[in-house]
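Undergrad: My questions will all concern the structure given below.
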Amino acid sequence: MTEDEARERILSAAEELYYRKGYAAVGMDELRQSAGVSLRRLYGLFPAKNDIVAAVLERKHGEWESGLTAAVTDAGGDPRARLLAVYGYLEDWFCTDDFRGCAFINAFGELGGTNPEVAELVRSHKASFQEYMSGLVASTGASPLLAAQLSILAEGAQSTAAISGDAAVAAQARGAAEVLIDAAVAA
């Protein structure tokens with residue numbers, strides 16, 4: 079197994095285990111076993127658990143951005159449709175069998191108070207989303223305040239869907255987003 083293959087196996091196993099069980103609940107031995115690598119190789123690639131957590135969050139950030147961008151692109155050129163595609167993306171995600179909320183919110187809730195690196199990765203991810211929404215809102219000609227409002231709806235939908243187990247939360251958030259967008263564009 080090459081170093082790249084071992085790294086990929088470790089990150090795939092870590093992503094699945096952390097998302098399903100939580101960051102603190104997964105020990106290095108369980109991770110090693112799930113990835114099918116030796117403890118020596120695991121520590122050779124990731125000297126500390128924090129290194130794995132950071133790599134998983136960076137990977138999740140890339141997955142989130144590419145998935146969201148694809149959904150928005152697929153919505154076509156209408157700025158309103160592109161904004162609403164964010165909530166369609168959330169609904170598709172919430173309907174997956176393994177949905178357990180936002181990995182970043184989960185990481186912050188579990189580790190953010192004691193791990194400054196994790197807290198910074200989460201803040202950076204959330205700021206990136208806010209910036210993306212700002213770009214989408216700018217294309218509508220609405221006030222930049224709309225981006226913050228729509229982002230809060232999306233964040234709240236993620237937390238509510240994770241807690242309630244109800245994917246309909248995305249449609250409810252989309253309905254609220256439609257009202258906000260229409261009011262902001264008409265103003």
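Take any residue in the sequence shown, count from 1 to its spot, add 78: that is its number in our numbering. Glycine is no exception: its CB is placed at the ideal position from the N, C-alpha and C atoms. Quantities reported herein were computed from a predicted structural model and do not represent experimental measurements.
1. I'd like to check one pair, S221 with A262: are the Cβ atoms closer than 7 Å?
2. For the alpha helix (DSSP H) that contains S217, what are its first and last residues?
3. Sort A103, G155 and T218 by Cα distance to K127 and report the nearest one.
4. For R160, does the count of other Cβ atoms within 10 angstroms reach 16, so buried, or fall short, so exposed?
5. Just to confirm, are A153 and E195 a CB contact at a threshold of 7 Å?
6. Let me make sure I understand the geometry here. Which of G105, S116, D107 and G100 has the alpha-carbon closest to that of A84?
7. Take Y210 as the anchor and find which of A245, V150, I130 and E198 has the nearest alpha-carbon.
8. Taking the Cβ atom as the reference point for each residue, do A232 and V134 lie within a distance shorter than 7 Å?
TA: In short, the structure shows the following:
1. Working through the sequence shown from its first residue, we reach residue 262 at position 184. Working through the sequence shown from its first residue, we reach residue 221 at position 143. Yes, the Cβ-Cβ distance between A262 and S221 is below 7 Å.
2. The residue labelled residue 217 in the question sits at position 139 within the sequence shown. Taken as a continuous stretch (DSSP letters only), S217 belongs to no alpha helix (DSSP H), as it is neither H nor E.
3. On the sequence shown, position 49 is the one that residue 127 refers to. For the residues A103, G155 and T218, the minimum Cα distance to K127 belongs to A103.
4. Within the sequence shown, the letter at position 82 stands for residue 160. R160 should be labelled buried.
5. Counted from its first residue, the sequence shown places residue 153 at position 75. Counted from its first residue, the sequence shown places residue 195 at position 117. Going by C-beta atoms, A153 is not nearer than 7 Å to E195.
6. Here residue 84 is taken as the residue at index 6 of the sequence shown, counted from 1. Ranking the options by Cα distance to A84, first place goes to S116.
7. Within the sequence shown, the letter at position 132 stands for residue 210. The residue with the shortest Cα to Cα distance from Y210 is V150.
8. Position 154 of the sequence shown, counted from the first residue, corresponds to residue 232. Position 56 of the sequence shown, counted from the first residue, corresponds to residue 134. Not in contact: A232 and V134 (Cβ atoms no closer than 7 Å).
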